[in-house]
Every structure is written in C-alpha cells, then in structure tokens.
Amino acid sequence: TEISPDGRHLALALPSRLWLVGLSNQTNELMSTINGITALTFAEPPAGEEGPLLVAAWKGRMEVYRKTGLETYYLDETPNSLGANRSTIFATTRQGSLIEFFLDGSEPVARNVCCEERTIDAAVHPNGSEVLVACPTECQVGAHRVQVNGPIEDAPGAGVERRGTSWSPDGTFFITSTPPNDPRSLLLWDALENRPVASFGTDRIHTISWGADASWLVTTNDKGQVMLWDVARIRQQLGLR
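So in the numbering used here, spot 221 of the sequence shown is number 206, and the numbers just go up one at a time.
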C-alpha cells in the first residue's frame, strides 16, 4: 500500500488487482488487473497538472496513471522499488540499475549502481536532489548516493539484504538496514558528513516511518513489535544538530 503525498488517496495492490482509493470522497477505482506488482509509489504532478500520479511496476513494465492518460514503459529489467520527485520517477531493478523516467517525455536514463547485478531498495531525498540506493551484502559498498544529473557518492559500509532505506523529512539524516548477521538492524547516518552515527533495534526490521519533524522514528519488526525511537535525544547525546 502507498498513500499519496497530499494524503487524499491510497493505492492498494492485491493479487490481480490495483485499486486507487479516495480517502476524502470514499471512492474506489480499479486501475489494473495485471498480476505480480513488484513496486508501487505516488509521484507529485508537475506544475499545472492535476494529481495524484500513481506509478506501478511489474516484470518487464512500468505504468504511470496520470489524469491525462496512461503511460506504459516496457523494460528489459524488473523494478523492485520506486521513488519520485516532481519531474522524475526513479526505479531500482533486480539487475543492479537505477533508471530515471522523466515526466516531460524525455528518454529514460539507466545507470548501473550496484554490484552483483541487483539492488535492494531506494529512497528519494525530500528535495528530490538525490537517490539513496541500497546494495546487497556481496557489495563492498552498502549504499550509494546518486545525485540527480550528477555523480554517484559512496555511503561506505556493509551491504544489506532487506529493504529499510529512508530519508528523514528534513533530509539531514538517512537510514540503512544492516546485514542479517548484524544485530543492530538499522544505521542512522549524518547525511552532511556521510557517516553512520547511531544504530537501532535487535530484530529484522520490516517498516520505517519518520515523525514530521524528524524527532521520532517508528519501526516494525519480525516479532510483530512496533517500536518508537527518540531520534532527537540520540542526536542531542551525540552532539548533532
């Protein structure tokens, strides 16, 4: 499931069904009957265009549902995560690429960012300036910070084996998950200094949610626990902003 940036719509992926649910007017719209969705996200529409823009991926294809009509992209690779800013949709693939799809109709651009021909997860910076791409444990570099229309910067450390990549709402920190044999589960990074500064958890993390002011972090794990982390206190103890 995904919630649109304006909080008015919910995308719900079921076997052979993709629904767009209006949370304010309580409407349900069937968007697709294709089975096997691999990734789902919302994109904010470009200036002057009505939203929301719903984006869904399957093996070998990606579809963008716009008010102006449906756009379909046929791919040689299979997306496993999606993200977006106001002008671009970002897809990481099981073959190790980050593909940029431009909402103005320009040709997509693909960049190989991970070794071992696969990626794990990706997260778009709140201001849309870069994409954090998590790589598997076989890679010497666990994550890469890919600047939009710019260079790729390493985020050094061990690779990951599960999703758990997330930016804080203000873009000053980001989260990566740790390998299965690492008991810390999550690492908190200082984005400006590009280094890990703290760790969280003791069990395999499923989901991560930030508080609106980046002071709190909520996680769920394999044991069915919901945990609340006081990030502001940790930052204060470490002498960080």
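Every residue, glycine too, gets a C-beta built ideally from N, C-alpha and C.
Asked                                                                                                                        : Found
Residue(s) in a DSSP beta bridge with Arg46                                                                                  : Trp43 and Tyr59
Chain-order list of residues whose beta-carbon lies under 7 Å from that of Pro31 (same chain, five-residue window excluded)  : Arg71, Ser72 and Leu88
Cβ shell of Lys52 (< 6 Å), same chain only, five flanking positions each side left out                                       : Glu35
Limits of the beta strand (DSSP E) - the one that Val203 falls within                                                        : Trp201 to Asn206
As assigned by DSSP and simplified to three states, the class of Ala51                                                       : Note on residue identity: the sequence assigns Arg, not Ala, to residue 51. Three-state result, Arg51: strand.
Delimiting residues of the alpha helix (DSSP H) encompassing Ile219                                                          : Val216 to Gln222
Beta-carbon contacts of Asn206 that lie in its chain and below 8 Å, excluding the five residues immediately before and after : Ser170, Gly186, Asp188, Arg189, Ile190, His191 and Met212
As assigned by DSSP and simplified to three states, the class of Gln132                                                      : strand
The region 12 to 19 contacting the region 57 to 65, beta-carbon criterion three pairs below 8 Å                              : no
Glu92: first and last residue of the uninterrupted beta strand (DSSP E) it sits in                                           : Segment: none, Glu92 is in no beta strand (DSSP E) and carries neither H nor E.
Cα-Cα separation, Glu48 to Gln221                                                                                            : 44 Å
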